[in-house]
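Peer 1: So in full-length UniProt numbering, spot 14 of the sequence shown is number 14, and the numbers just go up one at a time.
Ideal Cβ placement from N, Cα and C applies to all residues, glycine included.
Let me begin by handing over the structure; questions about it come next.
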Amino acid sequence: MKCNNLEEVRENIDSIDDKIIKLIAQRSDYVKQAAYFKKSKTDVKAADRVEKIIKKVRGKG
Ligand SMILES: O=C(O)C(=O)C[C@]1(C(=O)O)C=C[C@@H](O)C=C1
């Protein structure tokens, strides 16, 4: 979205920041829930899952 001044730019940035913060909180809640289903240190680390996420974020997934 094209903005007309710095205030408008910052309003949009603040709005996006609010959404990111809410999404991070939601994600964190799911990560906590995941812990309940894990039985070992290997399950907690979930190295293969971490690798998958990193590849996806980098656009190789
Ligand atoms: O997918 C899982 O098993 C999770 O616990 C979630 C999550 C994550 O943050 O995405 C958290 C910790 C693990 O290292 C891997 C992934």
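Check whether the Cβ atoms of residue 59 and residue 52 sit closer than 8 Å, and answer yes or no.
Peer 2: Not closer than 8 Å, so no.
Peer 1: Could you check where the alpha helix (DSSP H) with residue 47 kicks off and where it finishes?
Peer 2: Where residue 47 is concerned, the enclosing alpha helix (DSSP H) stretches over 47-57.
Peer 1: Would you say residue 25 touches ligand 1, meaning its beta carbon is less than 7 Å from a heavy atom?
Peer 2: Checking every heavy atom of ligand 1 against the Cβ of residue 25, none is found closer than 7 Å.
Peer 1: With DSSP collapsed to three states, give me the class of residue 4.
Peer 2: Reduced to three states, the DSSP call for residue 4 is coil.
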